[in-house]
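First comes the structure, then the notes that go with it.
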Amino acid sequence: MSQDTEHVKCLIIGSGPAGYTAAIYASRADLKPVMYTGMLAGGQLTQTTDVENFPGYPDGIMGPEMMEDFRKQAERLGTDIRFGYVSSVDFSSLPHKVVVDESRTILADTVIISTGASAKWLGLESEQKYSGFGVSACAVCDGFFFKGEDVAIVGAGDTAAEEATYLAKLARKVYMIVRRDEFRASKAMMHRVLNTANIEILYNTDTTEILGDGQSVNGVKVCNNVTNETTVLDVTGFFVAIGHKPNTDIFRGVIHMDETGYILTRPGSTETNVEGVFCCGDAQDHIYRQAVTAAGTGCMAAIDAERYLAAKEHVVTA
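Per this note's numbering, the sequence shown starts with residue 679, numbered consecutively.
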């Protein structure tokens, strides 16, 4: 075997709550996992400030600090964590062939995909400036911080409608910014929004700038794309709900996915359509997208991988 080729029992692609939890369980099962973190080690939570809904942190914790705790635990138990990205995969035979950084080949008996998903943003400079300081892509994660305040949410699909009604239970007022003159959401979700008293819908409206004092959000500038009238909304929170994109492009044509790129797993399992390849976290979850659910499926993936290998080792031949 050449110096640039390595054989491992368990390869974990991606970090974050799912990947690190898979690593912890795989290490304890003596699978000697090797993890490649991807370009954003720790995943989306490293771009989050306060995390108050993950069990075990009674006083809350900063997202980057929590991911550092996860990483340290995985390393302490024996995970070989490496910074790098997967450039190509070949799952046509066993062991699976994975190329890292376009130079190193990993031959893996099992592969756990935990590449996560990325929120879609509007692309405003001010949006990134205040990300984590009043700008969020997760109402369930961050809505609590705006209890009794006025907030805005942009989006017109089911996710935006669901998050708007969630925010309405916490905030004093929710401005729902809809770019066109109609929703893309289902009739049921539209009905829920329209019947929530403290949601004001702004149709035909574009967000042009997030306003703030340099520390946090204090307003949003919007423009009616029919009348060209500009308005400033006095809000302290701005939520983006225009969708997520799973980080799964490299597996297209190899792993079964839905039309938006989320990897399909067997119900009640993390198994994919490829033998010995498992998927956990937001790469396969477009419904919950929470750190705690990602960690749960990371645990499942490691157990599934361990049981798969154990079954292979104890095959009874006639």
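Backbone N, C-alpha and C fix where the C-beta goes; we use that ideal spot for every residue, glycine too.
Reduced DSSP category for residue i - H, G, I as helix; E, B as strand; rest coil
i, result
"lysine 990", "helix"
"glycine 897", "strand"
"aspartate 836", "helix"
"aspartate 884", "strand"
"glutamate 878", "strand"
"leucine 911", "strand"
"glutamate 789", "First, the residue type needs correcting, since residue 789 is valine and not glutamate in the sequence shown. Residue state, collapsed to three classes: strand."
"glutamate 841", "helix"
"leucine 772", "coil"
"lysine 865", "helix"
"leucine 872", "helix"
Residue of the options minimising C-alpha distance to residue i
i, options, result
"isoleucine 920", "Gly833, Ala846, Ala972, Phe956", "Gly833"
"asparagine 882", "Val895, Asn903, Asp891, Thr874", "Asn903"
"serine 814", "Gly826, Glu841, Gly835", "Glu841"
"phenylalanine 917", "Lys899, Arg870, Gly821", "Gly821"
"valine 894", "Leu942, Thr975, Phe823", "The amino acid at residue 894 is misidentified as valine; the sequence shows serine. Here the closest residue by C-alpha is Phe823."
"glutamate 803", "Arg850, Gly976, Ile831, Thr885", "Thr885"
"lysine 715", "Thr788, Leu689, Ile965, Lys899", "Checking the sequence, you will find threonine at residue 715 rather than lysine. It is Leu689."
"glycine 721", "Phe732, Thr971, Gly741, Glu937", "Gly741"
"alanine 973", "Thr793, Tyr763, Ala817, Asp779", "Thr793"
"lysine 923", "Val778, Glu953, Asp728, Ser796", "Ser796"
"glutamate 684", "Arg782, Arg749, Ser765", "Arg782"
"threonine 788", "Arg749, His964, Phe956, Ile965", "Phe956"
"threonine 724", "Val952, Ala988, Ala989, Ala969", "Ala969"
"serine 693", "Val712, Lys687, Asp682", "Val712"
"alanine 701", "Ala989, Asp982, Lys990", "Asp982"
"glycine 871", "Leu845, Lys990, Gly890, Cys977", "Checking the displayed sequence, the identity of residue 871 turns out to be valine instead of glycine. Ranking Leu845, Lys990, Gly890, Cys977 by Cα distance to valine 871 puts Leu845 first."
"isoleucine 888", "Phe769, Ile933, Gly976, Phe811", "Phe811"
"asparagine 951", "Ile791, Val829, Met745, Thr843", "Ile791"
"serine 770", "Ile933, Leu709, Glu780, Asn731", "Ile933"
"serine 809", "Thr727, Thr971, Met868, Val686", "Thr727"
Whole-angstrom C-beta distance between residue j and residue i, which should lie under 8 Å
i, j, result
"cysteine 958", "alanine 696", "4 Å"
"lysine 798", "leucine 785", "35 Å between Cβ atoms; not a contact."
"alanine 707", "glutamate 984", "4 Å"
"glutamine 962", "tyrosine 940", "6 Å"
"leucine 772", "glycine 954", "6 Å"
"lysine 851", "asparagine 876", "5 Å"
"glycine 835", "alanine 863", "5 Å"
"isoleucine 928", "valine 767", "6 Å"
Residues sharing a beta bridge with residue i, DSSP
i, result
"arginine 782", "Val778"
"tyrosine 853", "Ala830, Glu878"
"glycine 890", "Val895"
"asparagine 902", "Thr883"
Proximity test, Cβ basis, 9 Å: residue i and chain C
i, result
"isoleucine 831", "Protein chain content of the structure displayed is limited to a single chain, and chain C is not contained in it."
**Prompt:** In chain order, which beta strand (DSSP E) runs of at least 3 residues are fully inside the stretch 680-767?
**Reply:** Counting only runs of 3 or more, we get 683-691, 712-714, 758-760.
**Request:** Can you check the stretch 914-995 for any beta strand (DSSP E) of at least 3 residues that lies completely inside it and give the ranges in chain order?
**Result:** Counting only runs of 3 or more, we get 915-918, 922-924, 955-957.
**Item:** Runs of beta strand (DSSP E) wholly within the stretch 796-832 (minimum 3 residues, chain order)
**Value:** DSSP runs (the beta strand (DSSP E)) wholly in the stretch 796-832: 828-832.
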